[in-house]
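Chains as they are written, first to last, in the numbering used here: chain P, 14 to 663; chain X, 20 to 292. As structure tokens, the structure follows; a few thoughts come after it.
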């Protein structure tokens, strides 16, 4: 059993005592009063300018929203759902719900109507906050099928002028209702907050569900607060820090950073102007702390690799030199060896010449701690960031533990592990190799699903369904989801995710899916990166008109094969990719192939592409595809195609 | 026409009356009359070579009609140069985008704003006081009214020439809007766009026409019948320089000559697929 280290060397001055009586809303009220107009709680880039919102503004907005909800009939324990991009109004709505004693439910902004309907209906949502016309349209189309849903609140007026349904109300109108209620009962807001208890449910969080329908995890105020406290005990943040909020609020990691940690430390939360501008806006802010799933880091790596290919000779050489220095120094650090002065000097030169600029472009110039979690990250990506001098750490966690339970400590980073448990957290491995967690942040259970709760929560231990082990240094190593683990032809267990992330280190590979459980060899389905592979083809003067055509070109197959050979290197023979096929499209969450957090839904793709799988294990070098795909607007297209199957030469 | 007779004079924003235009022996417009009411979307349709763009060029001032009159808000503007017409509140986008490829999106839109600048060369060279304030006001207008409407925040500082065609069309619309026009002439705004871009552009046109902040009268030349039928209050059908009909979408759809002119396009509602 692995016990989290309770003795943290640097105790944060922002560390607070969390009693069972404390709630998120009480803490919010206290912080808002403490900081008032003197400190910026959040910033949003709007109309090209960063606009500050002080703690005082934050409190005022939340107060009138909360009172507005009460005057619409919100009662203790009622569910309020939220859907929309990251913006201050979203966080206000969530905080207002909590202050009024309600339970918050977040939906992914790009959820399809069916998904919205399922969650609204299953969670018994009474009020729904939608951002603008798009979200309101989704809500209207399901309104009659969700009898518990009473009102839909919107805040962006664009395109809303012709909507006159009486169940629609704007955020401003709602706040006006709140103001009117305050005149009648001036102390109501404070009283509502005081009524709360730490064990009350704060959030109903739907897990992404790689296999079945999403399950709703119930998280208490105490779960969330202890989570923030323990992460901040490991890596303290400062109230003067900046954090950029651009990942979906429906992802627990974003909740952990914006609510659990943000509220305790009081750092400034920055919202980008639009999803498309997020990368530029992050660069302008230069956040001090960052938490993102591997795909964001993979994207950064890819953009550096592509820019490198584009650069002039001299720049390429400088980059190569500096990364060689960076990798060497990073490896010394990984091995916990001291860095000789001449290497430190070279590292400084590399920093001045290349890394400084590169980090600035990636928005990493001020990052003290960068975390990755939510899915596996390949060691290649991991080393890449350390070679750049970014203190990237793996975390391990899940929605059911309100965020994370295990994290790397600075100076003790091993790229094949996820680190040590955070304080007050115990990790245990069962005989079958399943990872169990026990901590004050472990959730209360699944909403309306006692069977699943029973399977997951036993004697206070959270059964993760992940397979892993604890290494000699006490670090947790996560192998893969238990049900995903392969048995190779030589009987060894094998993690497909590991190989998939290795393949994805190639800039030309956007997604990969590895097959081969109890089969004679490993096969892979590759989704090429349209822009990067397309650019490569452009430079080689190769013509193509569509993703489908590009993916099937002989030259692209050669390119992908060379990338697979690289990934195959150093792997035991039975774990190497032997055959592969380039898919005619990218995996898409709208087609149920990925979860909303972009995890591969293995069981689903196996069923959907069963003929491709069959062909990969036959003598054929072609597979015929005849399928219909549905676009977001309901249009359907028929796809007929022959996909090549390629054997990877040794 | 019964429809046009019913219009009250003060409602008319633009009127062209019996306009003729020929190039050598080619008769492009043979006595065309059209009245555009304030606040409507009036479309002009017709087969290729029907004279639609010639008509736009006459309204816009690029050509002068050989015969006939043009009135804008009741005032005759036959001989007015295009830039003078712009000052009166007329803006236009082109069939093939006419943007400044080497300039950024923001600069292209700013350019459309120049007629509203009051300070001159001297003030501009010092850039203090009134000039600076004026510039901030204009920038605010561009950001809040145009960039926000057209959702082009992410390309604000990109050179227009580097952008895909669909976005260039949006930038061109943005520049026309920067004039704060009362009449917006859109020459095939949807040509060459994919389905998603068509839907976006159609939404922008509706927004500009209906939104309280804008309320711009639109004159639309377009081939996409589905969009034309959905968007327009009135449709003017032109064929070889002659008007076939000027009426509501329903009237136009049922007109036998329109059906004949569009022979082969049996279903006028057929949108692109």
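Quick reminder that beta carbons are idealized off the backbone N, C-alpha and C, glycines included.
Between residue 175(P) and chain X, the shortest Cβ-Cβ separation is below 9 Å. Taking a beta-carbon distance threshold of 9 Å, residue 238(X) does not count as an interface residue toward chain P. Beta-bridge annotation (DSSP): residue 290(P) is not paired with any residue.
Closer than 9 Å to the CB of residue 61(P) there is at least one CB belonging to chain X.
Contact of residue 287(P) with chain X by beta-carbon distance below 9 Å involves 170, 172, 173. Counting only residues of its own chain and dropping the five nearest sequence neighbours on each side, residue 639(P) has a CB closer than 7 Å to the CB of 653. Annotation for residue 83(P): 113 place their beta carbon closer than 6 Å to its own, counting only its chain and skipping 5 residues before and after. By the Cβ neighbour-count rule, residue 140(X) is exposed, with fewer than 16 other Cβ atoms within 10 Å of its own. Exclusion of the five residues before and after residue 69(P) leaves 49, 50 as the residues of its chain whose Cβ lies within less than 6 Å of its Cβ. Separation of the CB atoms of residue 218(P) and residue 609(P) is rounded to 12 Å, and the pair is thereby denied contact status at 8 Å.
Around the beta carbon of residue 358(P), fewer than 16 other beta carbons sit within 10 angstroms, so the residue counts as exposed. For residue 204(P), the enclosing alpha helix (DSSP H) covers residues 201-208. At the C-beta level, residue 41(P) and residue 244(P) stay beyond 9 Å of one another.
By DSSP's assignment, residue 525(P) forms a beta bridge with 539(P). Within chain X, the residues placing a beta-carbon under 8 Å from that of residue 172(P) are 222, 226, ordered along the chain.
According to the DSSP secondary-structure assignment, residue 236(X) is paired through a beta bridge with 202(X). When C-beta atoms of the segment 176-191 of chain X are compared with those of the segment 111-129 of chain X, three or more pairs fall below 8 Å, so the two segments count as touching. In the DSSP assignment, residue 183(P) falls within the beta strand (DSSP E) that extends over 181-183. DSSP places residue 149(X) outside any beta strand (DSSP E); the residue lies instead in the alpha helix (DSSP H), whose first and last residues are 148-160.
For residue 65(P), the three-state secondary structure derived from DSSP is strand. In the three-state scheme derived from DSSP, where H, G and I count as helix and E and B as strand, residue 124(X) is classed as helix. Around residue 230(X), the beta-carbon contacts reaching into chain P at under 8 Å are 174. When the beta-carbon positions are compared, residue 228(P) and residue 459(P) come within less than 9 Å of each other. Note on residue 633(P): under 16 other CB atoms within 10 angstroms of its CB, so exposed under the neighbour-count rule. Residue 420(P) and residue 408(P) have their C-alpha atoms spaced approximately 4 Å apart. Contact check for residue 596(P) against residue 538(P) passes: the beta carbons are separated by less than 9 Å. Its chain contains 92, 93, 94, 118, 132, 159, 161, 162 as the residues whose beta carbon lies nearer than 8 Å to that of residue 138(P), once the 5 sequence neighbours on both sides are disregarded; these appear in chain order.
Within chain X, 172, 173 have C-beta atoms less than 7 Å from the C-beta of residue 290(P), given in sequence order.
Annotation: the continuous alpha helix (DSSP H) that includes residue 220(X) extends over 214-229. Residue 113(P) sits in coil when the DSSP states are folded into three classes, being neither helix nor strand. For residue 29(P), the secondary structure class from DSSP, reduced to helix, strand or coil, is coil. With contact defined as three or more Cβ pairs closer than 8 Å, the segment 534-554 of chain P and the segment 519-526 of chain P are in contact.
Residue 34(P) is outside the set of residues whose beta carbon lies under 9 Å from a beta carbon in chain X.
Residue pairing by DSSP places residue 640(P) opposite 652(P) in a beta bridge. Against chain X, the CB of residue 293(P) has a partner CB under 9 Å away; the residue lies at that interface. Across the segment 51-62 of chain X, no CB contact with chain P closer than 8 Å is found for any residue.
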